[in-house]
Amino acid sequence: MDKITTKSIRNVCLMGHGATGKTSLCEAMLYLAKASDRLGRTPEGNTVSDFDSEEIRRGFSLSTTVEPFMWKDSKINIIDTPGYLDFRGEVLEGIRVADSALIVVDGRNGIEVGTELAWDCAVEEGIPRAFFINRFDDGEARFKRVFDSLRERFGVAVCPILIPMIEGDKVIGFLNLIDMKSEVYDKNGANMESEIPEEFKAIAEEYRNMLYESIAETSEELMEKFFAGEIITYNEAINAVHDGIISGAIVPVFCGSATRLWGVTEVMDTIANSFPRPTARKVEKIVTPDGDGTAPIEPDGETSIFVFKTVADPFVGKMSYFKVMNGSLKRDMTLRNTRTGGTEKMSHIYTVCGKKQTEVDSLCCGDIGMTAKLANVNTNDTLTASAKDIVYKGIEFPEPFLTQAIRPLAKGDEDKISSGIAKLLEEDLTTRYENDSETKQLLISGIGDIHLDVLIAKLKNRFGTSVVLEKPKIAYRETIKKTVEAEGKHKKQSGGHGQYGHVRIRFSPSENEGLTFTESVVGGAVPKSFFPAVEKGLQEAMQKGVLAGYPVVNLAADLYDGSYHDVDSSEMSFKMAASLAYKDGLPRANPVLLEPVGSLLCTVPDDYVGDVLSDINKRRGRVLGMEAVHGRKGYTCVQAEAPKAEMADYPIALRAMTQGRGVFTFRFERYEEVPANVAQKIIDEAKKEQG
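For the sequence shown, this note's numbering begins at 7 and goes up steadily by one.
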């Protein structure tokens, strides 16, 4: 095919649970399409899409990649996404620019958390879906059990297209329910069609009835035929499947083995013949001053592209992956970034297959490409040739709540760490980084423990800086609960002028967060000129509490008496006197430790609510209420408050409790008094660290 047009483009997002064989399926497609000269295998670390050194070392996908190939006059862009929950941000990048989703399911394990999340993600994006049940070269794979669970979970729209022929525990071929033929594959993935053997005709009819039941749902005419027992013709079935996939009324199910190339050709044929082109949805989501809106997709219109992914490559530089949303993109075209207002020249544009980059002169509407070294362009940016400020709807990334402290192994590496993480932050918008001035720690936040481990490995491999992760410190506070009177006298003679400052201060709890300083001195016992020095002395002293050395808050101090010396008194003397009064009075004012408490909103399936409530109580939390989640049947939102100190591992714990189905947000609300038994442990640890 000489020229690629919009109607020949198919953007398919490969999704599913981790270790179901998504990358192997992608590899099989590339091999059959002759886009790759060998069939790579994930355990051997030689696949096209998993080319990063960390992916090879770990044996699974960490990032979304695009693998294009030609098949039956169609250009198919396979968007291979990770299956592990820590890399959900990568999945959201892929699904945003896809026009359909192919969800891979393990033939042994059936529906898993990643299967449900992939389905929900595709439904939310509003794109058609299909299933490929993998691993039928394994004797433990069970088609009936997996297919029945898919239909029960996702409805009668789920219909069989290709099912296995099984003798004992061995797959000897497949049944094509559209053509009503049996298919057997050789070692190169080529299929040989023949008539369905007699012993498999009953099972073929059973599943074909399910297919026709789903087909009947696509139109009233076919529904009448189906219930009247009339024959649905081959052409009617083909057209119904084609139209049903595009509209989402039909969710076809294929099966096979990616590593053996079984069933892959049928999937590729269906993608080329029946999966939607980029213009099928007719409009694209945009953001307007009035909220969300839509804009028509016009292949011949003014050029607009959407940047859905950024990669910080240490050799190439900043790589921006984009989809041409409108018009066509040509090399050397100048586009305007609607976020910054600046212009960017597209000096070089590429198509990318794994790590292989191919420079092209143009890309049509709907195609996916990459350009490098656009320093001011980030993920979610819209670049356009239009005079209008069009802004395509961005990707809403999940917030990271698993926070760890970073400690460099080599002294003086802090700047290198900050520089490296800054580049990784451009690449991964599910990461947060901050330098906590109070605890003096460098903090990094991610989705999960594997996510953070990968970030640390990238820091070392790409930027040459080694770090270790540590538990982050909690920024506690101290305050008092009783009113006391205290005296501070600073007197010193060292030849010449001496030092003299004397204050009497009444300390009490305050409603205001910081220091509330008042003066009720009478008779000029302390001159007004020294009042600011007393206040400053107290503010400096409050930086370190008397229990564990944490800052003191909600303190009222009334300077009610004192004395001075005409010659020896100075601002410094009264600052020192105020500090002495502070040290004298606060230990007697019933000091207590305060801890940060946050509001927790936790959305979980109804079956796990009891476990979540029990866990919150164990974390010294308080459940405030529960309510059903609007638009998500079978889910409950739990509202609670909990101490920050108890929430450090909550992302991991919630995932374990809910099998990855629960999500939460945690926001700081206020400081509260720490229970006495817990406070003593914190005080002992602080003193040990200071000592």
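Beta carbons: idealized from backbone N, C-alpha and C, even for Gly.
- Annotation: Thr29 is outside any beta strand (DSSP E); the continuous alpha helix (DSSP H) that includes it extends over 28 to 38.
- Annotated three-state conformation of Thr294 is strand, per DSSP.
- The beta-carbon distance between Ser80 and Val18, rounded to whole angstroms, is 11 Å. This is too long to meet the 8 Å contact definition.
- DSSP, read as helix, strand or coil, puts Arg148 in coil.
- Taking C-beta atoms as the reference points, Phe314 and Thr388 fail to come closer than 8 Å.
- For Tyr398, no beta strand (DSSP E) encloses it, and the DSSP letter there is neither H nor E.
- Between Tyr191 and Trp268, the C-beta gap is smaller than 8 Å, which places the two residues in contact.
- For Ser220, the enclosing alpha helix (DSSP H) begins and ends at 207 to 222.
- The C-alpha of Glu290 lies about 54 Å from the C-alpha of Leu599.
- DSSP places Gln545 within a helical segment (H, G or I) once states are collapsed to three.
- By the criterion of a C-beta distance shorter than 6 Å, Pro305 is surrounded in its chain by Thr12, Cys371, once the five residues flanking it on both sides are discounted.
- If you check the CB distance, Gly494 and Asp590 come in under 8 Å.
- When the five nearest sequence neighbours on each side are left out, the beta carbons in the same chain lying within less than 8 Å of the beta carbon of Gly504 are those of Lys497, Lys498, His571, Val573, Asp574, in order along the chain.
- The continuous alpha helix (DSSP H) containing Ser425 extends over residues 420 to 433.
- Listed in chain order, the non-local C-beta contacts of Ser585 below 6 Å within the same chain comprise Gly543, Ala547, local neighbours out to five positions each way being set aside.
- Rounded to whole angstroms, the separation of the alpha carbons of Ala208 and Ala243 is 20 Å.
- By the Cβ neighbour-count rule, Gly27 is buried, with 16 or more other Cβ atoms within 10 Å of its own.
- When secondary structure is reduced to three states using DSSP, Gln696 falls in the helix class.
- Segment contact: the segment 434 to 450 against the segment 399 to 416, three or more CB-CB distances shorter than 8 Å; contact assigned.
- Relative to the Cα of Asn384, the nearest Cα in the group Ile396, Ile401, Asp373 belongs to Ile401.
- Scanning the segment 162 to 204 for uninterrupted beta strand (DSSP E) segments of 3 residues or longer gives 164 to 166, 168 to 173, 176 to 182, 187 to 191, 197 to 200, listed from N- to C-terminal end.
- Apart from the 5 residues on each side of it in sequence, Thr364 sits with its Cβ closer than 8 Å to the Cβ of Tyr356, Thr357, Val358 in its chain, given in chain order.
- Among the bridge pairs identified by DSSP, Thr388 is matched with Phe312.
- According to DSSP, Tyr656 shares a beta bridge with no other residue.
- Beta-carbon to beta-carbon, Lys187 and Ile167 are separated by about 12 Å, too far to satisfy the 8 Å threshold.
- The three-state reading of DSSP puts Ile62 in helix, counting H, G and I together.
- Non-local beta-carbon contacts of Ile688 in its own chain, meaning distances under 7 Å to residues more than five positions away in sequence, involve Tyr482, Ala554, Leu599, Val680 in chain order.
- Between Ala210 and Leu181, the C-beta spacing is below 8 Å.
- Within the same chain, Arg468, Phe469 come within 8 Å of Pro320 by CB-CB distance, once the 5 residues on both sides are set aside.
- Proximity to Thr609 across Ile82, Val618, Pro602, Val103 peaks at Val618, based on C-alpha coordinates.
- The three-state secondary structure of Asp105, taken from DSSP, is coil.
- For Ala648, there is no enclosing alpha helix (DSSP H); the enclosing beta strand (DSSP E) covers residues 641 to 649.
- Excluding its 5 nearest sequence neighbours in each direction, Ser200 has C-beta neighbours in its own chain below 6 Å: Ser188, listed in chain order.
- Contact between Arg114 and Arg157 does not hold, since the beta-carbon distance rounds to 18 Å and is not under 8 Å.
- Across the structure, Lys362 and Leu341 are spaced so that their CA atoms are roughly 25 Å apart.
- Per DSSP, reduced to three states, the secondary structure at Gly504 is coil, with no helix or strand assignment.
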